[in-house]
Every structure is written in structure tokens, then in C-alpha cells.
Amino acid sequence: MNNFIKRLFFIDLIKGLIITFKTIFSTPVTIRYPKQKRPIEHGFRGRHAFVRDPESGKERCVACTKCAQVCPSQCIYIDFAINSETGARVLTKYEIDALRCIFCGYCEEVCPVNALVLTEFFEYASYDRETNYFNREKLLNNWDNFIKHHEEVEYLNKFWYLPGINRKRIPSAKRIPKPVLKVMDKVEDS
Amino acid sequence: MGQLEIEKIDETTFVLQMGPHHPATHGVLKLFCELEGERVKKIVPEVGYLHRGVEKLAEYKTYPAAMTLTDRLDYISSMSNNIAYCLAIERLMGIEPPVRAKFIRTMVAELTRLSSHLLWLATHALDIGAMTVFLYAFREREQILQFFEKICGARLTVSYPRIGGVRLDIKKNVLEEIYEFMKVMLKRVDEYETLLTENRIWIARTKGIGVISPEEAVSLGITGPALRGSGVCYDIRKHAPYDAYSEVDFEVPLGQQGDTYDRYLCRIREMRQSAFIVKQCIEKMPEGEILAEESPDMDLTPQPKRIIKGGESLWSGFVEFTDEKYELIPKGEIYSAVEAPKGELGFYIVSDGGGKPYRMRVRAPSFIHISAIPKLCEGHLLADIIAIIGTLDIVMGEADR
Chain A
1 MNNFIKRLFF IDLIKGLIIT FKTIFSTPVT IRYPKQKRPI EHGFRGRHAF VRDPESGKER
61 CVACTKCAQV CPSQCIYIDF AINSETGARV LTKYEIDALR CIFCGYCEEV CPVNALVLTE
121 FFEYASYDRE TNYFNREKLL NNWDNFIKHH EEVEYLNKFW YLPGINRKRI PSAKRIPKPV
181 LKVMDKVEDS
Chain B
1 MGQLEIEKID ETTFVLQMGP HHPATHGVLK LFCELEGERV KKIVPEVGYL HRGVEKLAEY
61 KTYPAAMTLT DRLDYISSMS NNIAYCLAIE RLMGIEPPVR AKFIRTMVAE LTRLSSHLLW
121 LATHALDIGA MTVFLYAFRE REQILQFFEK ICGARLTVSY PRIGGVRLDI KKNVLEEIYE
181 FMKVMLKRVD EYETLLTENR IWIARTKGIG VISPEEAVSL GITGPALRGS GVCYDIRKHA
241 PYDAYSEVDF EVPLGQQGDT YDRYLCRIRE MRQSAFIVKQ CIEKMPEGEI LAEESPDMDL
301 TPQPKRIIKG GESLWSGFVE FTDEKYELIP KGEIYSAVEA PKGELGFYIV SDGGGKPYRM
361 RVRAPSFIHI SAIPKLCEGH LLADIIAIIG TLDIVMGEAD R
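Listed in order, the protein sequences are those of chains A and B. Mapping of the first sequence onto the working numbering: residues 1 to 190, in sequence order. Mapping of the second sequence onto the working numbering: residues 1 to 401, in sequence order.
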């Protein structure tokens with residue numbers, strides 16, 4: 001009987017309509033995307049970049065090829081020569097095919113010198129494939145563009161020091177969180 | 001398959017090829033529907049449009065790298081897939097993640113369950129004709145994806161767990177935010193229920209549709225909420241607890257009739273339980289490490305090294321090798337399953353001692369649920385097929401792999 005009255009007076013539908021009516025007066029959760037942007041969370045895995053070292057003004061990469069080794073989609077191509085005097089590795093080629101990349105962040109996680117980073121920049125769609133095939137210069141350029149628009153004075157990616165993991169497990173450069181200072185002069189020079 | 005069927009049928013039947021681009025087939029599922037008027041006489045599902053060879057690909061990747069493939073199986077609940085994969089290898093290696101990692105994993109798995117069920121509710125309701133729930137559910141799902149972004153930097157293909165723990169620690173303020181959101185979430189679930197549970201259109205479209213008895217459901221291999229809707233209490237979280245499920249308190253909601261409406265109620269109740277588990281995990285989460293000591297490194301070599309015989313005592317220049325090799329991952333095979341949002345997700349892994357899986361087989365719940373479509377659709381109207389596909393919660397990325 002109770003159910004019959006409920007059905008007769010459309011109680012079930014009215015209850016639902018009250019909720020939809022209340023929602024009219026709540027603040028909208030949507031944003032108008034190209035004009036208005038949601039703040040990107042810290043550590044978002046976006047476009048690749050080579051960190052420009054504030055001291056030397058070059059990339060930090062030591063050509064250990066670990067990133068190419070762990071990359072699940074094999075989108076990193078590295079080549080290096082050996083300096084005959086010092087015996088140190090010299091990076092000769094470093095290319096990332098961003099269209100193949102799956103943004104797992106393994107490369108920045110294993111990098112022993114924090115040279116590579118997935119920046120928080122995500123709007124880099126293009127009409128040709130070449131634009132998203134990054135070589136060394138482009139990777140450094142990506143970093144300059146990213147750090148220029150970075151609001152804080154220093155930048156620290158959480159994959160650079162891996163919070164929570166036993167310090168003994170990870171390479172020495174990763175043990176202490178070492179942020180990169182934003183150097184405006186050098187950025188304008190390049 | 002379809003061609004042969006068409007040749008055999010008589011004048012009164014009509015073959016409708018539904019999909020693979022039909023918006024209500026949730027991906028690229030194709031159904032050959034043999035209709036008599038508007039009644040379904042027979043239905044033959046066709047899969048394979050999204051086949052990427054994930055199982056074969058995994059044989060060419062090292063264990064940590066193969067984890068990223070599992071993100072792309074059931075792409076709306078990637079966290080559960082990752083956990084299932086990592087758990088299988090942890091069991092193979094015999095390592096145990098630290099307690100904090102266990103709680104984090106349980107928490108993110110339940111968050112994934114929430115987001116997966118929200119997406120299911122949204123699309124299922126939209127297929128049947130309730131547009132409002134679709135918008136509301138996506139509002140909450142967006143919040144959960146944002147939490148994933150805060151935790152690990154990606155929204156969908158997270159790759160967050162790691163063999164022997166998780167990759168990054170979660171900050172305290174993020175945990176607090178999640179805890180606050182769970183309180184809101186419970187209210188939101190009530191809202192969805194007010195919109196749907198008593199709604200006469202919803203009841204007319206779902207009650208008595210796609211009824212499956214407990215015996216049939218078990219024999220077809222259905223798992224997860226679809227099985228629990230028939231009243232069979234089978235939940236791996238409860239019966240073979242993994243991670244921190246043995247330390248949290250929760251109920252397994254069961255249905256009675258085994259129809260679409262009961263499965264809907266089951267999932268709604270499960271969402272409440274998930275929110276409850278997330279809250280408990282945050283309350284009980286201890287401080288500490290997040291990665292087991294024995295866990296393999298990220299840059300695991302694909303080939304094990306040879307054992308050097310003799311060693312230091314030999315004259316340098318002559319080093320004797322044996323054919324024996326260090327085992328990177330112990331030899332053996334293992335099947336381990338977790339309760340993914342869709343059902344029992346199992347990974348069968350064969351290891352030959354090297355750094356790559358010799359064979360990886362995925363027991364995907366969606367694929368098995370597709371095989372139940374012909375049984376469920378028998379004698380129903382064409383419009384009810386949409387409801388039945390929705391209620392089984394199929395994701396084709398997982399079915400075709």
C-alpha cells in the first residue's frame with residue numbers, strides 16, 4: 001500500500017528531482033579549459049627535459065645508458081664516445097621519441113645524476129612527428145621553457161630523491177633532496 | 001563466423017551486427033544478434049579488435065618494465081592490475097612488502113575500485129537513459145584521478161606499485177585530503193542511490209533482466225560483483241587476503257536474484273565498503289619504509305650473470321666460468337589472483353631464472369564475462385542487451401589484451 005502511494009504521487013522521481021534542483025545552486029566543478037587551467041600537481045609526468053645545470057650551463061648526463069635500459073617502450077637512443085685522456089664517457093647522441101614514450105617515469109627514477117626529468121608541461125601536441133622527437137638541444141630547450149614558467153624559485157621532482165625508499169638502495173646523488181635553483185639570467189641568454 | 005550464421009537462418013530471423021563501434025558496447029565488442037522481431041534468439045560475441053599481444057610482449061621485457069604493460073589491460077583500474085602483477089612476482093620470489101607499502105597498496109586499490117565502479121555506474125546509467133548520474137559520477141571520478149596525480153604523477157596509467165612495495169611515499173596532507181574526500185564520497189553514493197534505486201524507470205529496465213542462477217554463474221566462471229549479485233560469496237579479499245586486507249574490516253555485499261538490479265545494488269554497496277576500507281587504511285597506516293630490501297632493482301638485467309669458478313685465487317687473465325648462472329628471479333611458476341574491480345584478475349607467470357618472464361598469462365575477468373553474454377541475453381529484448389553488457393562491466397582492453 002505504501003509503495004502504491006509512493007508510485008501514485010511520483011515520490012521516487014520527485015526525490016531525484018530535488019537533488020538535481022539543489023545542484024543548480026552549487027558551484028560548478030568544470031573549468032573552461034583553454035582559457036582556464038587546472039593547477040598541475042607536483043611531480044606530474046609530462047614532457048621530457050634535460051636539466052640545465054646551473055653551474056656548467058650544460059646537461060648533467062653522464063651517458064650511463066641506464067634510462068635506455070629500463071625504458072619499457074625503448075624510446076631512448078643513446079650513443080657515447082670515450083675520452084681517451086680521462087677515460088670518461090662523453091655523450092654524443094641522446095634522442096627521445098616522445099610519441100613512443102608511455103610516461104612511466106622509469107628513466108628519471110633510475111637516472112643516477114638527476115639529469116633527465118619529466119616536467120609538468122603537458123600541452124605539446126603538434127601536427128608533425130618531428131616536433132616531438134627530442135634531441136639534446138630540444139631537451140635542454142624544453143627545460144628552459146619549463147623553468148621559465150615555473151612559479152617557485154627552486155624545482156624539485158619527487159623522482160629525484162624517491163621519498164620513503166631506503167637511502168642505501170639509491171645512488172648517492174639521489175639520497176638527499178637537491179632542488180635545482182631557477183637561474184633567470186642563463187635562461188634569457190640561451 | 002557471422003557469414004555462416006546468416007546462410008543458415010530462415011526468413012523470420014534477422015541478423016544484426018552490433019558493434020564494434022557501437023557506443024554502448026563499451027569499447028570494440030562486436031555482437032552477432034540473431035533476432036526474431038525484437039527478441040534475441042541467439043547471440044555470438046566477437047572479440048579481438050583491441051588485441052595488442054600484451055602477453056607476448058611481456059616475454060621481451062624485464063620484470064619491472066613488463067609492469068607498465070599491465071596498466072594497459074584494464075585501463076580504468078590500472079592500479080589493481082599493477083598490484084596483481086607485482087603480487088605474483090613477490091610470491092614467486094618469496095618477498096614481503098613492508099607494512100606501510102601494504103596499506104598504501106590496499107588504499108590505492110580501493111580508490112581504483114571506487115573510480116572503476118563510478119565509471120561503470122556512469123556509463124551503465126547513461127546506456128539505460130539516466131544522464132544525470134553520468135555527470136555526477138564523473139565529477140567524483142575526477143577527484144580520485146586527481147589524487148592519483150598527486151600520489152604518483154599520472155592519472156590513468158599509473159605504474160605506481162613496484163615489485164616489493166611502491167615507488168613513492170605519499171605525503172601526509174594528501175592522505176588527509178583523501179580521508180576528507182571519503183566522507184563526501186559516502187554522501188555522494190547516497191545521492192546516486194536516491195536518483196536510481198527507487199526510480200521506476202530504472203527498476204523497469206533492470207529488474208528481471210539478465211537473470212543468472214548461482215550454479216550457472218559459477219560454471220561460467222563469472223567472478224567479482226557479477227557473481228556476488230547472484231548470491232555466491234566469493235571475494236578474494238576475504239577468502240585469500242593479500243596486502244593489508246586481513247587487517248581491515250569490511251563486508252562482502254551479496255545479491256539474491258542475480259539480475260541486473262541486484263548486481264547494481266551489489267556494486268553500490270561495494271563502493272561504500274571501499275570508502276570504508278580507504279578510511280581504515282589511512283587511520284591504521286604506520287610510518288616506515290615502502291620498499292622491501294630484497295626487491296629487485298628497476299634496472300634489472302635481462303640476462304643472469306655466469307658464476308665465476310675459483311675467483312680471486314686464480315692468476316688474473318685466466319678466469320674459469322661454469323655454465324651455471326645466478327638466478328635473478330627464482331625458477332618456477334605461479335598463479336596469483338587479486339580481486340580487481342571487475343572480478344578475479346590472475347597472473348600466471350613462468351620464470352626460467354632470467355630477468356624476463358618466460359611466459360605471462362593473464363586471467364582477465366572481462367574476457368570470461370563476455371562468454372556469459374549469450375547465456376544472459378537469451379530471450380530478452382534487443383534493448384536489454386545494452387543493460388546486460390553494462391551490468392557485466394566489460395573493458396575490452398582487458399578482454400583482448
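For every residue, glycine included, the Cβ atom is placed at its ideal position computed from N, Cα and C. Treat the numbers as computed from the prediction; the structure is a model and nothing was measured.
So is residue i in contact with chain B if we call contact Cβ pairs under 9 Å?
i      : result
A/V187 : In this prediction, A/V187 has a pLDDT of 48, which is less than 50 and means its spatial position is unreliable; nothing more can be read from the coordinates.
A/T23  : yes
A/F121 : no
A/P221 : Residue 221 of chain A is absent from the structure shown; chain A starts at 1 and stops at 190.
A/N166 : yes
A/V62  : no
A/L210 : In this structure chain A extends from 1 to 190, so residue 210 of chain A is not present and cannot be described.
A/Y127 : no
A/F146 : no
A/E152 : no
A/Y155 : no
A/R175 : no
If we cut at 9 Å on Cβ distances, does residue i have a partner in chain A?
i      : result
B/T112 : no
B/D146 : The amino acid at residue 146 of chain B is misidentified as Asp; the sequence shows Gln. Output row for B/Q146: interface = yes.
B/S80  : no
B/M18  : no
B/H69  : The identity of residue 69 of chain B in the sequence shown is Leu, whereas the question assumes His. Chain A contact via Cβ: present.
B/E327 : no
B/C152 : yes
B/S159 : yes
B/D297 : yes
B/P61  : According to the sequence displayed, residue 61 of chain B carries Lys and not Pro. Cβ-Cβ to chain A under 9 Å: yes for B/K61.
B/A65  : yes
Taking the C-alpha atoms as reference points, what is the distance between residue i and residue j?
i      : j      : result
B/E11  : B/R39  : 15 Å
B/T112 : B/D262 : 22 Å
A/M1   : B/G210 : 29 Å
B/K413 : B/E180 : Residue 413 of chain B is absent from the structure shown; chain B starts at 1 and stops at 401.
B/Y335 : B/T194 : 41 Å
A/A125 : A/L8   : 55 Å
A/Q36  : B/L69  : 34 Å
A/S190 : A/R52  : Summary for A/S190: the model assigns pLDDT 45, below 50, so the residue's position carries little reliability, and this model does not support an answer.
B/D249 : B/D74  : 27 Å
A/F103 : A/N114 : 17 Å
B/N81  : B/L156 : 12 Å
B/V338 : B/Y242 : 8 Å
B/S366 : A/K148 : 46 Å
With a threshold of 8 Å, establish whether the CB of residue i neighbours any heavy atom of the ligand PLP.
i      : result
B/I368 : The ligand PLP is absent from the structure shown, which contains no ligand whatsoever.
Where do the N-terminal and C-terminal ends of the alpha helix (DSSP H) with residue i fall, by residue?
i      : result
B/K150 : 131-152
B/V184 : 172-196
B/I370 : 365-370
A/R191 : Because chain A here runs from 1 to 190, residue 191 of chain A falls outside it and cannot be looked at.
B/Y261 : 260-284
For the beta strand (DSSP E) that residue i lies in, which residues bound it at each end?
i      : result
B/E34  : 30-36
B/F14  : 13-18
B/I349 : 343-351
B/L119 : That residue, B/L119, is in no beta strand (DSSP E); its alpha helix (DSSP H) goes 99-128.
A/R175 : Note, A/R175: premise wrong, no beta strand (DSSP E); not H, not E.
A/Y94  : 89-97
query = Which residues, taken in chain order from the segment 189-207 of chain B, show a beta carbon closer than 7 Å to some beta carbon of chain A?
reply = E191, T194, L195, E198, N199, R200
request  = Residues of the segment 69-86 of chain A with a CB closer than 7 Å to any CB of chain B: list them in chain order, please.
outcome  = Q69, V70, P72
task = Decide if the segment 159-176 of chain B is in contact with the segment 97-111 of chain B; the criterion is three or more beta carbon pairs, one per stretch, under 8 Å apart.
result = yes
ask   = Does the segment 209-227 of chain B come close enough to the segment 181-191 of chain B that 3 or more CB-CB pairs lie under 8 Å?
value = no
message = Under 7 Å, CB to CB, which of the residues in the segment 125-145 of chain B have a partner in chain A?
response = T132, R139
ask   = Any chance the segment 367-383 of chain B sits against the segment 28-43 of chain B, with 3 or more Cβ pairs inside 8 Å?
value = yes
query = So, do the segment 224-231 of chain B and the segment 251-259 of chain B have three or more beta carbon pairs nearer to each other than 8 Å?
reply = yes
query = For the segment 83-117 of chain B, which residues have a beta carbon sitting closer than 8 Å to at least one beta carbon of chain A?
reply = R100
request  = Taking 8 Å as the threshold, find out whether the segment 325-335 of chain B comes into contact with the segment 380-389 of chain B through three or more Cβ pairs.
outcome  = no
task = Please list the residues of the segment 92-104 of chain A that have a C-beta atom closer than 8 Å to any C-beta atom in chain B, keeping them in chain order.
result = I102, F103, C104
request  = With 9 Å as the C-beta to C-beta threshold (strictly closer), list the residues of the segment 2-15 of chain A near chain B in chain order.
outcome  = K6, R7, F10, I11, D12, L13, K15
query = Per the contact definition of three or more C-beta pairs closer than 8 Å, is the segment 157-174 of chain A in contact with the segment 277-290 of chain B?
reply = yes
task = Quick one: which residues of the segment 345-368 of chain B get their C-beta closer than 7 Å to a C-beta of chain A? List them in chain order.
result = none
inquiry  = Three Cβ pairs or more, each shorter than 8 Å: is that satisfied between the segment 84-104 of chain B and the segment 135-143 of chain B?
reply    = no
key: Short-range partners of chain A found in the segment 273-293 of chain B, where Cβ spacing is below 8 Å   = E289, I290, L291, E293
task = Below 7 Å between beta carbons is the criterion; list the residues of the segment 35-60 of chain A that meet it against any residue of chain B, in chain order.
result = E41, G43, F44, R45
message = Pairs of beta-carbons, one from the segment 340-353 of chain B and one from the segment 20-38 of chain B, closer than 8 Å: are there three or more?
response = no
ask   = Between the segment 168-189 of chain B and chain A, which residues of the former have CB atoms less than 7 Å from a CB of the latter, in chain order?
value = L168, D169
query = Are the segment 392-399 of chain B and the segment 126-133 of chain B touching, with three or more C-beta to C-beta distances below 8 Å?
reply = no
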